[in-house]
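When we follow our numbering, the leftmost residue of the sequence shown carries the number 54, and every step to the right adds one.
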Amino acid sequence: MSGDGKRIAVFGAGYVGLVTGACFAELGHRVAIRDIVPDRIAALRRGEVPIYEPGLDDLLERNAERLFYTTDVEEAIDGAGFVFVAVGTPPTYSGDADLSAVWTVIDELPEMERRIVVALKSTVPVGTGTKVRHRLDARGLAHVGYVSNPEFTAEGTAVRDFLEPDRIVIGAFDEADGDAVAALHSGIDAPIVRADVASAEMIKLAANAALMTRISFINEIANVCEATGADVVKVAEGIGYDRRIGKSFLRAGVGFGGSCFPKDSLALKQLAANSGYHFQVLNAVIEVNELQKRRVIGKLVELLDTLRDKRIALLGLAFKPGTDDTREAPAFVLAGRLLAEGAEVVAWDPVASADGLTGVRQVESVDEAVRGADAVVLVTEWPELGGLDWRALGATMRTAVLVDGRNMLDPDEMRGAGFRYDAIGRAASNGR
Ligand code: UDX
């Protein structure tokens, strides 16, 4: 715990802002979290956490005396030495990142005599820092520092990712500002990568692109495994031991979703295109992912002949376990395709909601979802799906068919339990 607590303002009370604020408070700083949505601020003041993120509520509660919530800019910045910007940067119709929320924060900064440092957490195109610098200068705020400090937190593990990161990246125009932001992290044991602002911005985009590339790569290997009789789970294990490759992000499945990957891949693709460069690998990564989300439909047609009037149970709506986030979730694409094919869709998820999925019936339990279904698709690898009595569940179905979109279950056990079972990239165990 740092004894030298600083005053920090965090703009944006979303996943990134709340985790950033809570973790800085845990490190001993005093943090004002500011958001434009009054209901959100009111809920936080009442001690309610508006998002599902493991460990976050404990952290906010434990550090309550160092945390303060407001909708007011002046109040948030009063006495603060740092303004962390953690607002959304969603894609526009063109696929570019929409930076309007970032610009609003910059334009709302009050005139001030003292030097504060603005640190950007949000993922932005390379070149944003330079533009912000110019805007600050034009507003007579040349004495306000600017630092790029991208976040690498994954939903579900965000608190741990912040407090025990692989690295901290700090890109600064002025070394002293970078030093000051680095000092805020004292108490965290991690390498600090100091860079110029453009490189720090690119590190975030490149890290995400590298991770997505691994996923689309292993998904394509899975598809070739299916066609040739190999098992992608074994293949991933075998290549993962190679230290040059490593084990992580080699789980084949129904594709990646979430609030970051899909939007950041588009933003990087557009950034490259706008700069006159055609980013071939990234284009392929995006296309493979789109096709991967739809492959389950082909598997179901193979198993059921037709989807018309068939009841399909989707297990999992969140884009991954440990979160209620359904942004760009493969389950939503699947549900849309199934409904278009004339199927009836029932969905279960322990925390995520099917809101916005017109025509999908959400139920409270796996039993309820599975009962009477013609097929089950395991879309999100929620741990609770691992220890179920699948034989008993299969007996309640109209036909015991299961497509395991995350290779979570044991193919032999599932077949032993009476299922016609298919997975992703596991042709060998499929007997084909
Ligand atoms: C990601 C990055 O990990 C994080 O560093 C960044 O700041 C934001 O984007 P997040 O979207 O929360 O975080 O989730 P992550 O755990 O990385 O998973 C992303 C998607 O990839 C999920 O849909 C997941 O199911 C999928 N995935 C992940 C795979 O399909 N296979 C894998 O091997 C790993």
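Where a beta carbon is used, it is the ideal one built from N, C-alpha and C, also for glycine.
On a predicted model such as this, the values are computed, not experimentally measured, just so you know.
Any non-hydrogen atom of the ligand UDX closer than 6 Å to residue i Cβ
i: G311; result: yes
i: I104; result: no
i: A207; result: yes
i: F332; result: no
i: G469; result: no
i: I221; result: no
i: R347; result: no
i: F372; result: yes
i: R380; result: no
i: I268; result: yes
i: R304; result: yes
Residues bridged to residue i (per DSSP)
i: S201; result: L173 and G224
i: E40; result: No answer is possible for residue 40: it lies beyond the span of the chain, which begins at 54 and ends at 485.
i: R87; result: F64 and T123
i: V454; result: R473
i: F135; result: I61 and V170
i: P464; result: Partner(s): none; P464 has no beta bridge.
i: L357; result: DSSP, once it has assigned bridges, lists no residue as partnering L357.
i: Q24; result: Any question about residue 24 goes unanswered here, given that the chain covers just 54 to 485.
i: P144; result: A150
i: V430; result: L367 and V456
i: I245; result: I221
i: D26; result: The first residue shown for the chain is 54 and the last is 485, placing residue 26 beyond what the model contains.
Proximity below 7 Å, CB of residue i to CB of residue j
i: V443; j: A470; result: The sequence given here places Trp at residue 443; Val does not occur at that position. Going by C-beta atoms, W443 is nearer than 7 Å to A470.
i: V63; j: G81; result: no
i: Y122; j: I94; result: yes
i: V404; j: Y146; result: no
i: V456; j: R473; result: no
i: E397; j: L360; result: no
i: V423; j: M450; result: yes
i: D475; j: K352; result: yes
i: I245; j: A253; result: no
i: V338; j: T266; result: yes
i: R87; j: G132; result: no
i: G375; j: D402; result: no
i: F144; j: K316; result: At residue 144 the sequence reads Pro, which differs from the Phe that was named. Contact: yes.
i: M461; j: L431; result: yes
i: I159; j: R115; result: no
i: A480; j: E279; result: yes
i: A400; j: Q415; result: yes
i: G478; j: V212; result: no
i: L152; j: A262; result: no
i: E515; j: V126; result: Past the edges of the chain, shown from 54 to 485, lies residue 515, and the structure says nothing about it.
### Query
Is the stretch 291 to 302 touching the stretch 364 to 372, taking contact as three or more C-beta pairs under 8 Å?
Too few Cβ pairs lie closer than 8 Å, so no.
### Message
Any contact between the stretch 307 to 324 and the stretch 339 to 349? By contact I mean 3 or more CB pairs, one from each, below 8 Å.
### Response
yes
### Query
Is the number of C-beta pairs between the stretch 217 to 234 and the stretch 192 to 204 that are closer than 8 Å three or more?
yes
### Message
I want to know whether the stretch 316 to 329 touches the stretch 170 to 179 - three or more CB-CB distances under 8 Å.
### Response
yes
### Task
Count the C-beta pairs between the stretch 158 to 166 and the stretch 187 to 196 that are closer than 8 Å, then say yes if the count reaches three, no if not.
yes
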